[in-house]
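*Asks:*
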Amino acid sequence: MTFTNIISAIGNNSSIYPLLFRDCCIEAPSKILIARQENMKESKEIANDATREKFIDEYFTSAIWLGGIPLTETVCDKYISKKGFSPLVNLKLFKSEQNGKDILQGIEYNINKFKNFKEKDVQDAVQDLIKIKNNKAAYEKLLAKKFLAATIIPTVIMGFILPPLNYALTRKLRKNKAVNNTNKQPQAIAPTSFTALQVDEFKKKISPSKNEIPTFTGNFVSAVANLRTVDKMAISDGGLTVGRVSTSRNKEEGYMNAFRMIGSMILNFVTPVYIAKALDKSANKLFGINVNLDPKVLGNEEFIKAIKENRVELPKSNSAKDLFEFIDNKPKSLFSQFAQQAGKVSYLDSGIRDPRKYVDVKDLGKFKQEFENFIKSAQTSKNIENFAKKAKYVKCLNILANVGISSFLLAGVLPKLQYEFNKLVTGSYLDPGLK
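Under this note's numbering, the first residue of the sequence shown carries the number 890, and numbering increases by one thereafter.
(1) So, do the segment 1280 to 1296 and the segment 1161 to 1174 have three or more beta carbon pairs nearer to each other than 8 angstroms?
(2) Report yes if the C-beta distance between L1203 and K1251 is below 8 angstroms; otherwise report no.
(3) Since N999 is in the alpha helix (DSSP H), which residue starts that stretch and which ends it?
(4) Quick one: what's got a C-beta closer than 8 angstroms to G1301's C-beta in the same chain, skipping five residues either side?
(5) Can you have a look at Y1308 and say buried or exposed, based on whether 16 or more other CB atoms are within 10 angstroms of its CB?
(6) Could you tell me the distance, in whole angstroms, from the CA atom of L908 to the CA atom of N1157?
(7) Spatial neighbours of E962 within its chain, please: CB distance less than 7 angstroms, with the 5 preceding and 5 following residues excluded, ordered by chain position.
(8) To which residues of the same chain is Q1268 closer than 8 angstroms at the C-beta, ignoring the five residues directly before and after it?
(9) Around the Cβ of L1051, are there at least 16 other Cβ atoms within 10 angstroms (buried) or fewer (exposed)?
(10) Apart from the five residues on each side of it in sequence, which residues of its chain come closer than 6 angstroms, Cβ to Cβ, to F983?
(11) Could you say which of E931, E942, S932 and K1030 lies nearest to V921 if we only look at CA atoms?
(12) Can you have a look at A1085 and say buried or exposed, based on whether 16 or more other CB atoms are within 10 angstroms of its CB?
(13) Closest to D946 by C-alpha separation, out of V1283, F1049, I969 and E1141, would be which residue?
(14) Might you give, ordered along the chain, the residues of its own chain that have their beta carbon closer than 8 angstroms to the beta carbon of T1059, omitting 5 neighbours on each side?
(15) Is D1117 buried or exposed, if buried means 16 or more other CB atoms sit within 10 Å of its CB?
(16) Indicate whether the contact test is met: 3 or more Cβ pairs, each with one atom in the segment 1020 to 1037 and one in the segment 1147 to 1161, closer than 8 angstroms.
(17) Measuring CB atoms only, is the segment 1272 to 1288 touching the segment 1182 to 1191, in the sense that at least three cross pairs come out at less than 8 angstroms?
(18) Just how far apart, CA to CA, sit N1005 and Q994?
(19) Mind checking V1159: buried by the 16 CB within 10 Å criterion, or exposed?
(20) Could you give the distance in angstroms between the alpha-carbon of P1304 and the alpha-carbon of R1149?
(21) Could you tell me which residues DSSP pairs with Y1236 in its beta bridges?
(22) Between the alpha carbons of N1311 and L1319, how many angstroms are there, rounded?
(23) Less than 7 angstroms between C-beta atoms, sequence neighbours within five positions excluded: which residues of the same chain meet that for S1137?
(24) For N1275 and F1176, I'd like the C-alpha separation in whole angstroms.
(25) Excluding the 5 residues preceding and the 5 following S970 in the sequence, name in chain order all residues of the same chain whose CB lies nearer than 7 angstroms to its CB.
(26) Quick check: what's the CA-CA separation for S1299 versus I1164?
(27) Tell me which same chain residues have a C-beta within less than 7 angstroms of the C-beta of G973, skipping the five on either side of it?
(28) Counting only the same chain and skipping the five closest in sequence on each side, list residues whose C-beta sits under 8 angstroms from that of L1129.
(29) DSSP three-state call for A1231: helix, strand or coil?
Quick look at the structure:
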């Protein structure tokens, strides 16, 4: 993977890559170090326990948080496929998008539009549409179960199972140490609040009786089925907060966990988006450069050459009709290829648009507008190559600055504030659950 591709990945706030980079490479080591430093102010022994607990908490949680949803969804997709359905079919196709009186996409429309193509992958895709059209209710139930599994399973493991196991390890190590050290009395350890009764109560909450199981409507299932992985991670993060607070060893630890988790949610999912917008807007004002496109696009030599030769093909307008006409008739154009890289449109191996996928026309229109804005700016510059290089470098710097600022807030500011909050509430810097 080239440097530009790496920067592009960690700059995509719609994907898990920025979270992966910040969480594992920056935040976890910093949080572990700060936990040790703050506890060392009062007790080396407790600092050792806090360091171990924080290491297990950060890295095991990160592994489940970042990998749990994709892994669960992969397993669910295989199950759905075994049931005879294609998990690639988007339920939004049942709500046909219209432009005036012309239907532009939809389950019935796509079947009729693509059924005459001779390519095997197109025919297979059409058959997938037909199967789900005739079994919509069954498919919706499978997607609802997939969503619930992908969000509940990682949440339960991270929030309700891992913390008590982590606390139990501390108790065991302390007990062994007390037994081996006859000159010291064993410390009284507050028992974890994760009792068998609470386990049974939690099971009842996540496993309601048949009469209590909610009935999901098609609109709801369609909405949750189209959530990005990062959106589902945000949902699981909310469940993780509940789990961490409810399994805390005492109320003071619960307060600190709530403070930490709520702050982490804001800084992970909200702040980076606004920082990116502010940096890109500032670059436009300071340097007169439009840097809203991906670095991979800005650094594409073929794209820059096409701008210089004035042969970049784009849809006639942002209207749904013109957008669909372009992406269907010119799949090999630079715009269509970049749109596919950005996840705006999907093509089969034969080069024909995948009829199972839904095209977000508004999003595609915004993407096309960004293309136009950059092309116009580049063409008015004295040197298009230098303009593109400058835009690419500025965009890469913006991404790195965003990662740096976000990481500083998450890995430096938030943990420090957490322990100041702890000092305010408990009168001590020591982790409340370890005292």
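All C-beta atoms, glycine included, are put in the ideal place defined by N, C-alpha and C.
*Replies:* Well, looking at it:
(1) Between the segment 1280 to 1296 and the segment 1161 to 1174, the count of Cβ pairs shorter than 8 angstroms is three or higher; the stretches touch.
(2) The answer is no: Cβ separation not under 8 angstroms.
(3) Here the alpha helix (DSSP H) through N999 covers I996 to F1003.
(4) Scanning its chain for C-beta atoms nearer than 8 angstroms, with the 5 sequence neighbours on each side dropped, one finds around G1301 the residues S919 and I923, in chain order.
(5) Under this definition Y1308 is a buried residue.
(6) Rounded to whole angstroms, L908 and N1157 show a C-alpha spacing of 7 angstroms.
(7) Within the same chain, K1035 and A1039 come within 7 angstroms of E962 by CB-CB distance, once the 5 residues on both sides are set aside.
(8) For Q1268, the CB contacts under 8 angstroms within the same chain, skipping 5 residues up- and downstream, are I1196 and N1199 in chain order.
(9) Classification for L1051: buried.
(10) So the qualifying residues of the chain are I996.
(11) Sequence inspection shows Ile at residue 921; the Val mentioned does not correspond to that position. Nearest of E931, E942, S932 and K1030 to I921, Cα basis: E942.
(12) Here the model assigns A1085 a pLDDT of 44, short of 50, so the residue's position is not dependable, and the following value carries that caveat. Classification of A1085: exposed, given that the 10 Å Cβ count is below 16.
(13) Taking only the C-alpha atoms, the option nearest D946 is F1049.
(14) For T1059, where only same-chain residues beyond five positions count, the Cβ hits under 8 angstroms are D938, R941, E942, I1078 and L1323.
(15) Residue identity differs from the one stated: residue 1117 is Arg in this sequence, not Asp. Looking at its Cβ environment, which holds fewer than 16 other Cβ atoms inside 10 Å, R1117 is exposed.
(16) The segment 1020 to 1037 is not in contact with the segment 1147 to 1161.
(17) Between the segment 1272 to 1288 and the segment 1182 to 1191, the count of Cβ pairs shorter than 8 angstroms is three or higher; the stretches touch.
(18) Spanning the alpha carbons of N1005 and Q994 requires a straight line of approximately 16 angstroms.
(19) With a 10 Å radius around the Cβ and a threshold of 16 neighbouring Cβ atoms, V1159 comes out exposed.
(20) Their backbone Cα atoms lie some 7 angstroms apart in a straight line.
(21) The partner list for Y1236 (beta bridge, DSSP) reads R1242.
(22) Between N1311 and L1319, the alpha-carbon positions lie close to 8 angstroms from each other.
(23) Only S1082, G1143, N1146 and G1322 meet the Cβ criterion.
(24) Cα to Cα, N1275 sits roughly 13 angstroms from F1176.
(25) Hits under 7 angstroms: P976.
(26) It should be pointed out that residue 1299 corresponds to Leu in this sequence rather than to Ser. Roughly 14 angstroms separates the two Cα atoms.
(27) Contacts found: K1020.
(28) Closer than 8 angstroms at Cβ, skipping near neighbours: T950, W954, T1044, M1047, G1048 and M1150.
(29) Coil.
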